[in-house]
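Asks:
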Amino acid sequence: MITDAGYQVKFFHGIPNPEKRDFDVTPYLDQIKEGIDAFEPHVVAAASKGGIYLLGLWEEGFWRGPSLLLNGHPRCKELPEGVPVVVAHGSNDEVYPTPREQLEKLIATGTENMCFLYHTADSGRLPTQHLTRKGDKHNMESLLVRDTLPRLVDATLDPAGPEAHMIRTWRERISEERSEAEAWLGHKPEALRKRWESKGMDEQKLYQVTRGSEEWAIIETMFWAEPKESDPRNLHTLQIADVRRGISSRAAHVGGAQMKHVGENMVCTGKNWSWAFHGGLSENLESIVSCRMAGFQPLAAGSRGSLVWGSGTYFAREARYVSEGGFCGKPNADGTRQMLLCLLMTGLPCLGSPQHKGVLPFRSKPYRYHSSVDSLSSKGPSELGPV
1 MITDAGYQVK FFHGIPNPEK RDFDVTPYLD QIKEGIDAFE PHVVAAASKG
51 GIYLLGLWEE GFWRGPSLLL NGHPRCKELP EGVPVVVAHG SNDEVYPTPR
101 EQLEKLIATG TENMCFLYHT ADSGRLPTQH LTRKGDKHNM ESLLVRDTLP
151 RLVDATLDPA GPEAHMIRTW RERISEERSE AEAWLGHKPE ALRKRWESKG
201 MDEQKLYQVT RGSEEWAIIE TMFWAEPKES DPRNLHTLQI ADVRRGISSR
251 AAHVGGAQMK HVGENMVCTG KNWSWAFHGG LSENLESIVS CRMAGFQPLA
301 AGSRGSLVWG SGTYFAREAR YVSEGGFCGK PNADGTRQML LCLLMTGLPC
351 LGSPQHKGVL PFRSKPYRYH SSVDSLSSKG PSELGPV
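In full-length UniProt numbering, the protein residues as written are 1 to 387.
The structure is reproduced here in structure tokens:
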């Protein structure tokens, strides 16, 4: 996959298994150093047992450049200062089983904003006892989809940091049609206000979108859009019965406050806003729109999905996931169901966990992550956890 992505690659074949008892890696480090000097790579990557050689290169000072470590080797207890490092590890690694908390502590030993943990984990179980996602084993299959492995290589080289790179490239996973529709709608509350028919303080909170209008067509595009890597699904058997535009001055106020917090927290991404769908019972959705003082309440939310990726309000990038997953609740008397298309201030996301209750982990004290996702390679198509 690395070769097919267009990189010039030098593989070090023929070096022995370094996990043999009393094995001395030093002579082979000199051999690898000679190869590095001749090839002049931008990134050095190691996987599995090869991680011992990368540790040796760091310790000897033979390599202090961008580094990718697939399968966090148990001998790795500290990352080198000033070196961009990406560590990739799965929660079901049967060779090097390592708790997520231990891997996060390892990343914390590196230089801030220069190190990133790409971790995949099991979701919590739905009431049916099914998992929505499973963490990688030692052979990390998730690296082979969504261009994840090449993106992790590129992430080590990004001046903004590897975490910022992965978040920014999430947008490359959506289709061109979806991207154009989002651009038309805008990614800031100011853009949405241009189509408001009210200042936001009137009793009326919902306004009809005319069928056949450009705005209606944009919403249809968003509703039927699929990610680039999805299997073909036929959502067109559903019909859009009605589209209404809701307004929320409270949401705009909260968004402005959180943007300041994000700016203080990170060198990041420029894309801290996301469009996503939310389902639920019709009366609950009406309350979200109509009550300015309530709206979404992530800390108070309780749902059947709360044990999947943690407590909070759940959203999905694709409407299909909300519809087919049964998140729209029972149909109305006329057979219709409702969902919301929302512009979210997602801030800085982390990988969700069933153990996340109320508040999310610290990214760098005193700052916490703002939201969680079910996959660090692509924000969706399933849950965006508590926002």
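Backbone N, C-alpha and C define an ideal beta-carbon position, used for all residues, glycine too.
Alpha carbon to alpha carbon, what distance is there between A88 and residue 455?
Replies: Look at the range of the chain in this structure, 1 to 387, and you will see that residue 455 is not part of it.
Asks: Alpha carbon to alpha carbon, how far is V267 from L70?
Replies: Counting from 1 along the sequence shown, the entry for residue 267 is found at position 267. Counting from 1 along the sequence shown, the entry for residue 70 is found at position 70. Low local confidence applies: a pLDDT of 41 at V267 is under 50, so the model's placement there is unreliable, with the coordinate-based value given in what follows. Those two C-alpha atoms are separated by around 25 angstroms.
Asks: Spatial neighbours of D30 within its chain, please: CB distance less than 7 angstroms, with the 5 preceding and 5 following residues excluded, ordered by chain position.
Replies: As a position in the sequence shown, residue 30 is number 30, starting the count at 1. Once the five neighbours on either side are set aside, D30 has no close Cβ partner at all.
Asks: Does the stretch 216-226 come within contact of the stretch 166-179, defined as at least 3 CB pairs closer than 8 angstroms?
Replies: These segments touch.
Asks: Grouping DSSP H, G and I as helix and E and B as strand, with all else coil, what is P189?
Replies: Position 189 of the sequence shown, counted from the start, is the residue given in the question as residue 189. If DSSP states are grouped into helix, strand and coil, P189 belongs with the helices.
Asks: Is H89 helix, strand or coil when you go by DSSP?
Replies: The sequence position of residue 89 within the sequence shown is 89, counting from 1. Looking at H89 - three-state DSSP - the assignment turns out to be strand.
Asks: So, does the CB of Q355 fall closer than 8 angstroms to a CB anywhere in chain D?
Replies: No chain D is part of this structure, which consists of one protein chain only.
Asks: Measure the C-alpha to C-alpha separation of P331 and L285 and round it to an integer number of angstroms.
Replies: What you label residue 331 is simply residue 331 of the sequence shown in a count that begins at 1. What you label residue 285 is simply residue 285 of the sequence shown in a count that begins at 1. Rounded to whole angstroms, P331 to L285 spans 13 angstroms at the Cα level.
Asks: State the Cα-Cα distance for the pair I240 and D136, rounded to the nearest angstrom.
Replies: Mapped onto the sequence shown, residue 240 falls at position 240. Mapped onto the sequence shown, residue 136 falls at position 136. One C-alpha to the other measures close to 38 angstroms.
Asks: Check whether the Cβ atoms of R146 and H119 sit closer than 8 angstroms, and answer yes or no.
Replies: Your numbering for residue 146 matches position 146 in the sequence shown. Your numbering for residue 119 matches position 119 in the sequence shown. The answer is no: Cβ separation not under 8 angstroms.
Asks: Starting from the Cα of Y96, find the closest Cα among T111, M140, K357 and E40 and give me that residue.
Replies: By 1-based counting over the sequence shown, the position of residue 96 is 96. Nearest of T111, M140, K357 and E40 to Y96, Cα basis: M140.
Asks: For R168 versus E229, is the C-beta distance shorter than 8 angstroms?
Replies: In the sequence shown, the residue the question calls residue 168 occupies position 168. In the sequence shown, the residue the question calls residue 229 occupies position 229. Contact: no.
Asks: According to DSSP, is F39 helix, strand or coil?
Replies: In the sequence shown, counting from the first residue as 1, residue 39 sits at position 39. Looking at F39 - three-state DSSP - the assignment turns out to be helix.
Asks: From R193 to S378, what distance separates their C-alpha atoms?
Replies: If you number the sequence shown from 1, residue 193 lands on position 193. If you number the sequence shown from 1, residue 378 lands on position 378. Using only the alpha carbons, I get a separation of about 29 angstroms.
Asks: What's the gap between the Cα of C328 and the Cα of V322?
Replies: What you label residue 328 is simply residue 328 of the sequence shown in a count that begins at 1. What you label residue 322 is simply residue 322 of the sequence shown in a count that begins at 1. In a straight line, the C-alpha of C328 is about 7 angstroms away from that of V322.
Asks: Check this for me: beta carbons of H278 and M345, under 8 angstroms apart or not?
Replies: For the purposes of this step, residue 278 is taken as residue 278 along the sequence shown, with counting starting at 1. For the purposes of this step, residue 345 is taken as residue 345 along the sequence shown, with counting starting at 1. Not a contact, by the Cβ cut-off of 8 angstroms.
Asks: Would you mind stating whether K49 and E19 have Cβ atoms separated by less than 8 angstroms?
Replies: Residue numbering aside, residue 49 sits at position 49 when the sequence shown is read from its first letter. Residue numbering aside, residue 19 sits at position 19 when the sequence shown is read from its first letter. Yes; because the gap between Cβ atoms is below 8 angstroms, this pair is in contact.
Asks: On the three-state DSSP scale, how would you describe Q129?
Replies: Translated into positions along the sequence shown, residue 129 becomes position 129. Of the three classes helix, strand and coil, the one that applies to Q129 here is coil, per DSSP.
Asks: May I ask which residues mark the beginning and end of the alpha helix (DSSP H) holding F277?
Replies: Here residue 277 corresponds to residue number 277 of the sequence shown, with the count starting at 1. No alpha helix (DSSP H) holds F277; the beta strand (DSSP E) holding it covers W273 to G279.
Asks: Is it buried or exposed, H370, if we count other Cβ atoms within 10 angstroms and call 16 or more buried?
Replies: Counting from one through the sequence shown, the residue named residue 370 turns up at place 370. Label assigned to H370: buried.
Asks: Identify whether K116 lies in helix, strand or coil by the three-state DSSP scheme.
Replies: Position 116 of the sequence shown, counted from the start, is the residue given in the question as residue 116. Sequence check: residue 116 is Phe here, not Lys. If DSSP states are grouped into helix, strand and coil, F116 belongs with the strands.
Asks: Starting from the C-beta of H165, find all residues in its chain whose C-beta is less than 6 angstroms away, skip the five residues before and the five after it, and write them out in chain order.
Replies: Here residue 165 refers to the residue found at position 165 when the sequence shown is read from its first residue. Correct list, in chain order: A155 and D158.
Asks: Identify, in the order they occur along the chain, each residue of the same chain with its Cβ nearer than 7 angstroms to the Cβ of K205, setting aside the five sequence neighbours on each side.
Replies: Numbered from 1 along the sequence shown, position 205 holds the residue referred to as residue 205. Here the set comprises G246, I247, V289 and S290.
Asks: Please state whether the Cβ-Cβ distance between P162 and F116 is less than 8 angstroms.
Replies: Reading the sequence shown from its first residue, position 162 is the one you call residue 162. Reading the sequence shown from its first residue, position 116 is the one you call residue 116. Yes, they are a contact pair.
Asks: To the nearest whole angstrom, what separates the beta carbons of G295 and G352, a pair I think is in contact under 8 angstroms?
Replies: Counting from 1 along the sequence shown, the entry for residue 295 is found at position 295. Counting from 1 along the sequence shown, the entry for residue 352 is found at position 352. Not really, about 22 angstroms apart at Cβ, beyond 8 angstroms.
Asks: Would M114 and P84 be called neighbours here (beta carbons separated by less than 8 angstroms)?
Replies: Counting from one through the sequence shown, the residue named residue 114 turns up at place 114. Counting from one through the sequence shown, the residue named residue 84 turns up at place 84. Yes, they are a contact pair.
Asks: For a test of the three-state rule: what should DSSP assign to M1, helix, strand or coil?
Replies: Your numbering for residue 1 matches position 1 in the sequence shown. Residue state, collapsed to three classes: coil.
Asks: Does the Cβ-Cβ distance between W275 and L360 come in under 8 angstroms?
Replies: In the sequence shown, counting from the first residue as 1, residue 275 sits at position 275. In the sequence shown, counting from the first residue as 1, residue 360 sits at position 360. No; because the gap between Cβ atoms is not below 8 angstroms, this pair is not in contact.
Asks: In this structure, how does DSSP classify P150 when only helix, strand and coil are distinguished?
Replies: Position 150 of the sequence shown, counted from the start, is the residue given in the question as residue 150. DSSP places P150 in helix when its eight states are reduced to three.
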